[in-house]
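Visitor: Have a look at this one before I ask anything.
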């Protein structure tokens, strides 16, 4: 059973692929998996079990099957557009459905599997991660993620940490710009150290841009320029959707810059559906303690900071006051009081003031 559960992601992509193969309103089929998965993730009890998977090849098989299916998903989309004489012949309803299906499946489960592969040490896995990153406009996500996020999480230097008061309507744009900015900075520093100019063929940022253009050209050759433009819209939407999910992974956590981060600095979402669908990326604390530990070796941090279903968080986040008052504030208050150090409590109080939030640490503040 432990091996089978991680086929949930590839199965979702296969459903989306089938929708494009059938055409017409069936292009919504991939997006429809969101609602089915959300219902089960919200209703089922937390899954706190460790996995017992001793065969790495069998464990990794769904990851590489996913790579194949994602290529098939975009290929089938382009083929369907070509068969129909171009997306200009599609109804607005079907155009929106195509973007929604591509964006949802390219964000989740695509990002978690891409994330797992970019943390591998072999070039084949990282090459697959590069390809999957191209399907949401960020082949070089590993640069800011490994050399930025895994160092600076919980501080102002981390673009992936949502600050208190920030909503999911603004965070994806800030996180996207921050991720690209960090990638350019990191790559520029590498080129300078090696004695190369930024505008050189060895610049991985320029190579990534070329790869994105290549993806769109191939789609355009198969399905027409309209298909390429629709794919571009889907890729842009995907980047915002995946950052919207990322919004819930670190929200409001504070850490004194220069101090070592610990398990307590990570939120965990341990519902059974998301653990399987996102190949344990929400088994968050253990991943950050050892970024190279494969997903099937991660152990749930039962005593660490917990969030409810990430699907529930996502839907609540659509109405910020609901998200803040019913889900976030009680958990951040608990984090500030139980997990934060005295120095972090001062950072938390300052962050709450900037956000215009209640000062729930006033009784713990040192007297003047």
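Residue numbers (my numbering): 2 to 369. Glycine included, C-beta positions come from ideal geometry on N, C-alpha and C.
1. What number of angstroms, rounded off, separates the C-alpha of residue 360 from the C-alpha of residue 305?
2. Tell me whether residue 250 sits in a helix, a strand or coil according to DSSP, three-state version.
3. Please list, in chain order, all residues of the same chain as residue 51 whose beta carbon is under 8 Å from its beta carbon, the five residues on each side excluded.
4. Quick one: is residue 169 buried, meaning 16 or more other Cβ sit within 10 Å of its Cβ, or exposed?
5. With residue 84 as the anchor, note down where its alpha helix (DSSP H) starts and where it stops.
6. Taking 8 Å as the threshold (C-beta atoms), are residue 11 and residue 59 in contact?
7. What is the C-beta distance between residue 137 and residue 178, in whole angstroms, given that I count them as a contact (C-beta under 8 Å)?
8. Considering only their Cβ atoms, is the gap separating residue 208 from residue 45 smaller than 8 Å?
9. Of all the alpha helix (DSSP H) runs that stay within the bounds of the segment 166-225, which reach a length of 4 or more residues?
10. Tell me which residues share the same chain as residue 266 and place their Cβ nearer than 6 Å to its Cβ, disregarding the 5 neighbours each side in the sequence.
11. To the nearest angstrom, how far is it from the Cα of residue 17 to the Cα of residue 190?
12. Sort 5, 206, 75 and 66 by Cα distance to residue 219 and report the nearest one.
13. Give the DSSP bridge partners of residue 89, in chain order.
14. Should residue 124 be labelled buried (16 or more other beta-carbon atoms within 10 Å of its own) or exposed?
15. Run through DSSP, which three-state label would residue 53 get?
16. Quick one: Cα of residue 22 to Cα of residue 62, how far?
17. Report yes if the C-beta distance between residue 106 and residue 14 is below 8 Å; otherwise report no.
18. Can you say whether residue 82 is buried or exposed, counting buried as having 16 or more other CB atoms within 10 angstroms of its CB?
19. For residue 218, decide whether its Cβ has a neighbour in chain B, counting only Cβ atoms nearer than 8 Å.
20. Hey, out of 276, 25, 87 and 340, whose CA is closest to residue 263's CA?
21. Do residue 247 and residue 176 have their CB atoms nearer than 8 Å?
22. Which word fits residue 239, buried or exposed, when buried means at least 16 other C-beta atoms lie within 10 angstroms of its C-beta?
23. At which residues does the alpha helix (DSSP H) containing residue 125 begin and terminate?
24. Does DSSP put residue 120 in a helix, in a strand, or in coil?
25. Just mark residue 115 as buried or exposed, buried being the case when its beta carbon has 16 or more other beta carbons within 10 Å.
26. Please work out which residues of its chain come closer than 6 Å, Cβ to Cβ, to residue 172, disregarding the five sequence neighbours upstream and downstream, and give them in chain order.
27. So if DSSP puts residue 269 in a beta bridge, which residue, or which two residues, is it bridged to?
28. Counting along the chain, where does the alpha helix (DSSP H) carrying residue 378 start and finish?
29. Take residue 148 and list the residues in its own chain whose beta-carbon comes closer than 6 Å to its own, dropping the five residues that flank it on each side.
30. Around the Cβ of residue 293, are there at least 16 other Cβ atoms within 10 angstroms (buried) or fewer (exposed)?
31. Rounding to the nearest angstrom, what Cα-Cα distance links residue 79 and residue 349 in this structure?
32. Can you tell me whether residue 239 is helix, strand or coil according to DSSP?
33. With burial defined as no fewer than 16 other Cβ atoms inside 10 Å of the residue's Cβ, what is the status of residue 269: buried or exposed?
34. Just mark residue 55 as buried or exposed, buried being the case when its beta carbon has 16 or more other beta carbons within 10 Å.
35. Please go through the same chain and pick out, in chain order, the residues whose beta-carbon is closer than 7 Å to the beta-carbon of residue 303, but skip the five residues on each side of it.
36. What I want to know is whether the C-beta of residue 230 ends up closer than 7 Å to one or more non-hydrogen atoms of the ligand GDP.
Guide: This is what the structure holds:
1. C-alpha of residue 360 to C-alpha of residue 305: approximately 23 Å in a straight line.
2. Coil.
3. Apart from sequence neighbours up to five positions away, the residues of its chain that approach residue 51 with a beta-carbon distance below 8 Å are 300 and 301, ordered along the chain.
4. Flag for residue 169 reads buried.
5. Run containing residue 84: 57-84, per the alpha helix (DSSP H) assignment.
6. With respect to the 8 Å criterion, residue 59 and residue 11 are not classified as neighbours on the basis of their beta carbons.
7. Between residue 137 and residue 178 the beta-carbon gap is near 15 Å, outside 8 Å, which marks them as no contact.
8. Contact flag unset, no.
9. List check, alpha helix (DSSP H) in window: 172-194 and 205-224.
10. If we look at residue 266 and ignore the five residues flanking it on each side, its Cβ neighbours are 155, 254 and 256.
11. Roughly 40 Å between the two C-alpha positions.
12. Taking only the C-alpha atoms, the option nearest residue 219 is 75.
13. Per DSSP, none; premise fails for residue 89.
14. Residue burial is scored here from C-beta neighbours: residue 124 has fewer than 16 other C-beta atoms within 10 angstroms and is therefore classed as exposed.
15. Three-state DSSP puts residue 53 in coil, outside helix and strand.
16. Their Cα atoms are separated by approximately 24 Å.
17. Yes, the Cβ-Cβ distance between residue 106 and residue 14 is below 8 Å.
18. Counting C-beta atoms within 10 angstroms of its own C-beta, residue 82 has 16 or more neighbours from the protein chains shown and is therefore classed as buried.
19. Among the protein chains of the structure shown there is no chain B, as only one such chain exists.
20. Measuring from the Cα of residue 263, the nearest candidate turns out to be 340.
21. Less than 8 Å divides the Cβ of residue 247 from the Cβ of residue 176.
22. By the neighbour-count rule (16 or more Cβ atoms within 10 Å), residue 239 is buried.
23. From DSSP, the alpha helix (DSSP H) with residue 125 extends over 124-135.
24. Three-state result, residue 120: coil.
25. With 16 or more other Cβ atoms within 10 Å, it is buried.
26. Here the set comprises 163 and 248.
27. Looking at the DSSP assignment, residue 269 forms a beta bridge with 307.
28. With the chain covering 2 to 369 only, the question about residue 378 has no answer from this structure.
29. Result list for residue 148: 187, in chain order.
30. In the assembly as shown, residue 293 is an exposed residue. Its beta-carbon has fewer than 16 other beta-carbons within 10 Å.
31. For residue 79 and residue 349, the distance between alpha carbons rounds to 49 Å.
32. Note: residue 239 maps to helix in three-state DSSP.
33. Of the other Cβ atoms in all chains shown, 16 or more fall within 10 Å of the Cβ of residue 269; this residue is therefore buried.
34. Residue environment for residue 55: exposed (fewer than 16 other C-beta atoms within 10 angstroms of its C-beta).
35. Taking residue 303 as the centre and dropping the five residues before and after it, the same chain places the C-beta of 49 closer than 7 Å to its C-beta, in chain order.
36. For the ligand GDP, the structure offers nothing, since it holds no ligand at all.
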